[in-house]
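This report concerns only the one structure given below.
In my numbering, the protein residues as written are 76 to 534.
Structural data, given as structure tokens:
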């Protein structure tokens, strides 16, 4: 019994010794043993050398030129015993270390009141680096004045191919506008710009195509109208005449017409020229229906009539798909592009209405990418769609999925504008996840890659 009692006493004594050693180890104060100042241009870095990873609290009053760092369970242990560190620096006057048992307070005294600071880890866990630099005062942003509203209305556009030598496009206006013509030989387009002009309330563009010219699209700015013409004819040539009564511009397109060959199966080899011409006209009508629906969708989109825009884009895609399946037409690029515009419209609708569920937009972008890849048409729109998928996930706060989309975009389309901008948005994701180092790397990559960064001040 006595031996058992002695064993219990020894165990209790051992536990008490271990507990006292643990407490003494935990209460071992940390020390600050060195201060180093380094200047690079307008930025000054001050490094505090500590004996471990410090625990501290910040109290800043930069307007009063003071920053206080309260180190818990820490003592100042400088070799010379001095508690004041003075600097010959135009921005930071010095540091005073105050003994507040068992803590130590480091009081930074600044010479200027327009400084900002941040903290970064040093080269080892025992270093704490404070960086001070002047606050950059950006000049006030002066927005350009709102353009004056257009004073001329585009009322009608009429086509005439009755003359075998040329095709006539007649633009009717309330008064004659100035006309500027810009030809792009690389993609064989001609852009007409009517200054001080806007589409009239009753104006609707009817797409058109014959063997010489194709009317691709009409776009508007606040006070000008752009009409894009596709060159089809060989030896394409354009002449223009202005008339004042009634006000109109007459555009004549000259050149040798080029009619697209109709694929005729062997059993249809006996078709007459009239039947071939009929098939060609029917095909052009189908393509015109696609263009009309697509253009109406764009018009509704510009007016923020998103549901109507989606309806027209769906109609354009359905017409293109029906032409491929029933008449064995080739895919019309506008039909494939309509898929991307459906997704764009849903994304914009959610963004402007501050919606939170972007899953439908993501599904539509994914479908558009799949169809574009399978048809090898409008693949230049894929980077934009992949970027919007990443932004959709980010809007829903799915950081990992958004980062995966951005990384896939940079892998497949590294030179695209969207890939370069994705680094900025991924950096914001990293900040939300408190991955500070990765965020800095992404911001640096964004600033290096973009020639004129849109978010330069934030980055």
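Note that CB positions come from ideal geometry on N, CA and C, so glycine has one too.
In the pairwise beta carbon analysis, the segment 178-187 is classified as touching the segment 143-153: at least three pairs are separated by under 8 Å. Your pair residue 282 and residue 363 checks out as a contact, with CB atoms roughly 5 Å apart and the cut at 8 Å. Within the same chain, Cβ atoms closer than 7 Å to the Cβ of residue 280 are found at 232, 293, 370, the five residues on either side in sequence being excluded. Residue 246 and residue 229 have their C-alpha atoms some 7 Å from each other.
Secondary structure remark: continuous alpha helix (DSSP H) runs of at least 4 residues inside the segment 295-326: none found. With respect to the C-alpha of residue 285, the residue from 307, 275, 295 having the closest C-alpha is 307.
In the structure shown, the three-state DSSP call for residue 166 is coil. DSSP places residue 465 in the uninterrupted alpha helix (DSSP H) bounded by 457-470.
Across the set 288, 251, 390, the C-alpha of 251 shows the shortest separation from the C-alpha of residue 323. With a contact defined as Cβ atoms closer than 8 Å, residue 185 and residue 194 miss out at about 15 Å. Under the three-state reduction of DSSP, residue 482 is assigned to helix. Residue 450 sits away from residue 500, with the two beta carbons spaced by 8 Å or more. Excluding five sequence positions before and after residue 170, the CB atoms of its chain that fall closer than 6 Å to its own CB belong to 160, 181, 183, given in chain order. In the DSSP assignment, residue 365 is bridged to no other residue. Residue environment for residue 517: buried (at least 16 other C-beta atoms within 10 angstroms of its C-beta).
Secondary structure of residue 406 (DSSP, three-state): coil. For the options 512, 507, 506, 497, the alpha carbon positioned closest to that of residue 522 is the one of 497. For residue 434, the number of other beta carbons within 10 angstroms of its own is below 16, and it is reported as exposed.
Non-local C-beta neighbours of residue 302 in its own chain, meaning closer than 6 Å and more than five positions away in sequence, comprise 267, 293, ordered along the chain. Residue pairing from DSSP leaves residue 500 without any beta-bridge partner. Restricting attention to 158, 372, 145, 248, the CA atom closest to the CA of residue 110 is found in 158.
Under DSSP, the beta-bridge partners assigned to residue 196 are 203.
Residue environment: residue 467 is assigned as buried (16 or more neighbouring CB atoms within 10 Å of its CB, all protein chains considered). Residue 379: not part of any beta strand (DSSP E); DSSP gives it neither H nor E.
By a beta-carbon distance limit of 8 Å, residue 242 does not contact residue 289. Their separation comes to about 10 Å. In summary, residue 374 is buried, with 16 or more beta-carbon neighbours lying within 10 Å of its beta-carbon over all protein chains present. Close CB contacts of residue 390 within its chain, under the 7 Å cut and outside five residues either way in sequence, are with 368 (chain order). Residue 502 and residue 147 have their C-alpha atoms some 32 Å from each other. DSSP, read as helix, strand or coil, puts residue 212 in coil. Your pair residue 440 and residue 465 does not check out as a contact, with CB atoms roughly 10 Å apart and the cut at 8 Å. Remark: C-beta atoms of residue 366 and residue 409 approach each other more closely than 8 Å. Cα atoms of residue 470 and residue 485: separation of roughly 20 Å, rounded to the nearest angstrom. In the displayed model, residue 280 falls within coil according to three-state DSSP, outside both helix and strand.
Under the three-state reduction of DSSP output, residue 360 falls in the helix class.
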